[in-house]
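Comments concern the structure below.
Number of protein chains: 2
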Amino acid sequence: MKIHGYRKLGSSRRLAIYLEEKGIEIPFVPVNLMEGEHRTPDFLARNPAGLIPVLELDDGTCIGETVAIARYLEELHPDPPFMGRDPLERARLEMWQRVVEFGVYTQLRAYVRQTSAFAKPLEPVQMPEWGELNKRYAMDSLRMLDAQLANNPFVAGPDFSWADITLATCIQGGRPSNPFELPGTCEHLARWYDQVSRRPSLVATQPD
Amino acid sequence: MKIHGYRKLGSSRRLAIYLEEKGIEIPFVPVNLMEGEHRTPDFLARNPAGLIPVLELDDGTCIGETVAIARYLEELHPDPPFMGRDPLERARLEMWQRVVEFGVYTQLRAYVRQTSAFAKPLEPVQMPEWGELNKRYAMDSLRMLDAQLANNPFVAGPDFSWADITLATCIQGGRPSNPFELPGTCEHLARWYDQVSRRPSLVATQPD
Chain H
566 MKIHGYRKLG SSRRLAIYLE EKGIEIPFVP VNLMEGEHRT PDFLARNPAG
616 LIPVLELDDG TCIGETVAIA RYLEELHPDP PFMGRDPLER ARLEMWQRVV
666 EFGVYTQLRA YVRQTSAFAK PLEPVQMPEW GELNKRYAMD SLRMLDAQLA
716 NNPFVAGPDF SWADITLATC IQGGRPSNPF ELPGTCEHLA RWYDQVSRRP
766 SLVATQPD
Chain V
566 MKIHGYRKLG SSRRLAIYLE EKGIEIPFVP VNLMEGEHRT PDFLARNPAG
616 LIPVLELDDG TCIGETVAIA RYLEELHPDP PFMGRDPLER ARLEMWQRVV
666 EFGVYTQLRA YVRQTSAFAK PLEPVQMPEW GELNKRYAMD SLRMLDAQLA
716 NNPFVAGPDF SWADITLATC IQGGRPSNPF ELPGTCEHLA RWYDQVSRRP
766 SLVATQPD
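Chains as they are written, first to last, in this note's numbering: chain H, 566 to 773; chain V, 566 to 773.
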C-alpha cells in the first residue's frame, strides 16, 4: 500500500496523524499540486476528483477521500478502536467529525485559498471577501465547539477521535508554528488545543 | 424515534429517501428555519450546530448530521445493505458520497443560498458572485461524474447507493419540478438522472 499525498500537509496530514495514533506504517508519495500533478491523466486515473490523499492498494485499486481511506484502514486494523465501539458512539463521532468539516474546515480552507497569494495556482478565481466572511463563520463555529469542550475532554466526548484530528489540523492550517488565533473567550478550546497539539502524532507530522 | 426536519426538503429529504429505500418508518417533525427555530435554545440543545436533520431517540439522545444518522440507522437495519458489503465496497461508496458532497452539494448549495432572495434570512451576507462561480464548479464536477457514469450504472458502481441519493437531491435542489439543468454534453449523467428520479423513494418524497 501507499498513500499519494504529503505526510505533513492538509488532509493528507490528517491521515498521517491517524496512522501514528494507530501504529500503522504506510509510505507517502508526494503529489506536486503547485505544478498541477493532480490534474495529469496518471493521477486522474487514480482519483477522478483530482484530490489528495489517495490510498493505492498493492493490486492498484485506489481509494480517494481522507475519511473513506481512514474508515477502510480502521476495518483492517480495528484495535484500538478509533471510530467508536458501538452504533451510538460511532454515530456521535461521525456527527462531530462532520460538524468540524462543514463548520470549520470548509470555512478556514476557503479563507486560506481565497486570500493567500500562494494558493493562486489552485484557485481559478480568488474572492478574498468570501475568504474573510468564512473566517468569521469559522470563529462562530469555534465558539460553539468551546461550549462543547466545556463539558467534554475532547470534541466528540471522552476520547481523542477523528473529530479532534480534523479540528487540530484545521487550526494549524498546515502551519503548526503559526496556528489560527482562537477567539479570545474560548478557554476550553484553548485548553483542548494546548493538550492535543502536544500529542506525539501531531508533533511527528509537523511541517519542518 | 423521530426526525427533526422536513421530509421533502434538503438534507432531511436525503434521509427520507434512505428510509423509503430501506422500508423504515420514522416520523418527521418540522423545524421552521425561516423563523429561526433552529437557533432557539430548545433546538440547540438537540444539535449545537443548529442544523437539520436531527434524529431523536426515545430516551432523548440526539444525533445530528444526515450521514451520521443514516449510518446509525444502517447499523440497526443492516438488511438489505445500503452502504457496502465489505471494507473495500464501503470505502468506495463513502468516497463517492464525499466526492458528490464536496464537489456538487457544497457548490450548488452555495449557488442557491448566495443568489436566491428566499435564502436571505438564512445567510447573514449574500455574495452572488461566489454563488455563480460555484455553479460553474458544480458543472465541472458533473462532467467528471458523467465520465464515471459512462462506465458504471450508478455513481459508486453497480448498485444504487447513498452517493446517488446525495447527487439526485443536489440536482433537484429541493425542486424536482425544476431541477438544475445538466451540462448538455453529459449523456450518461442524463441517463442516470432519468432513471434515478423515477425511483419510488424519490417520487414519494417530492415536494408538493
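Don't be surprised by glycine CBs; every beta carbon is placed ideally from N, CA and C.
Chain H within 8 angstroms of residue i, Cβ atoms only
| i | result |
| --- | --- |
| V/A633 | yes |
| V/Y637 | yes |
| V/V664 | yes |
| V/P652 | yes |
| V/L732 | no |
| V/A712 | yes |
| V/P613 | yes |
| V/E694 | yes |
| V/L687 | no |
Through-space distance from residue j to residue i, alpha-carbon basis
| i | j | result |
| --- | --- | --- |
| V/T750 | V/Q713 | 14 angstroms |
| V/M709 | H/V677 | 25 angstroms |
| H/D729 | H/G575 | 14 angstroms |
| V/N717 | V/G668 | 19 angstroms |
| H/D705 | V/S726 | 34 angstroms |
| V/Q679 | V/Q672 | 10 angstroms |
| H/H603 | H/F683 | 17 angstroms |
| V/Y702 | H/Y670 | 19 angstroms |
| V/S577 | V/P606 | 21 angstroms |
| V/N699 | H/A656 | 30 angstroms |
| V/F593 | V/L622 | 13 angstroms |
| H/L580 | H/T631 | 7 angstroms |
| H/D759 | V/P693 | 39 angstroms |
| V/T626 | V/Y637 | 13 angstroms |
| H/R764 | V/A755 | 49 angstroms |
| H/C735 | H/P645 | 25 angstroms |
| H/A614 | V/E746 | 21 angstroms |
| H/L641 | V/L653 | 10 angstroms |
| V/L609 | V/H569 | 12 angstroms |
| V/R611 | V/G629 | 8 angstroms |
Where residue i falls: helix, strand or coil (DSSP)
| i | result |
| --- | --- |
| H/V690 | coil |
| H/F647 | coil |
| V/F593 | strand |
| V/G722 | strand |
| V/N716 | helix |
| V/P652 | helix |
| H/H642 | coil |
| V/R708 | helix |
| V/F683 | helix |
| V/E746 | coil |
| V/L574 | coil |
| H/A614 | coil |
Bounding residues of the beta strand (DSSP E) (the contiguous stretch that carries residue i)
| i | result |
| --- | --- |
| H/I628 | 627-629 |
| H/E621 | 619-621 |
| H/I568 | 567-569 |
Beta carbon proximity, residue i to chain V, threshold 8 angstroms
| i | result |
| --- | --- |
| H/E640 | yes |
| H/G625 | no |
| H/V690 | yes |
| H/G629 | yes |
| H/M709 | yes |
| H/R674 | no |
| H/M781 | This structure does not reach residue 781 of chain H, given that chain H is present from 566 up to 773, and the question cannot be answered. |
| H/L754 | no |
| H/R578 | no |
| H/A656 | yes |
Delimiting residues of the alpha helix (DSSP H) encompassing residue i
| i | result |
| --- | --- |
| V/V761 | 752-761 |
| V/R674 | 671-680 |
| V/A610 | 606-611 |
| V/T770 | Here V/T770 belongs to no alpha helix (DSSP H), and DSSP marks it neither H nor E. |
| V/G588 | Looking at the DSSP string, V/G588 is not in any alpha helix (DSSP H), and its letter there is neither H nor E. |
| H/D729 | 727-737 |
Buried versus exposed, by CB contacts within 10 Å (16 or more), residue i
| i | result |
| --- | --- |
| V/L616 | buried |
| V/K685 | exposed |
| V/K567 | exposed |
| H/P618 | buried |
| V/M599 | exposed |
| H/G696 | buried |
| V/A635 | buried |
| V/Q771 | exposed |
| H/V768 | exposed |
| V/D624 | exposed |
| H/E674 | Here residue 674 of chain H is Arg; the residue named in the question, Glu, does not match the sequence. Buried: at least 16 other Cβ atoms inside 10 Å. |
| V/R663 | buried |
| V/E639 | buried |
| V/V596 | buried |
| V/D711 | buried |
Test: residue i CB closer than 8 angstroms to a CB of chain C
| i | result |
| --- | --- |
| H/G749 | Any reference to chain C falls outside this structure, whose protein chains are H and V. |
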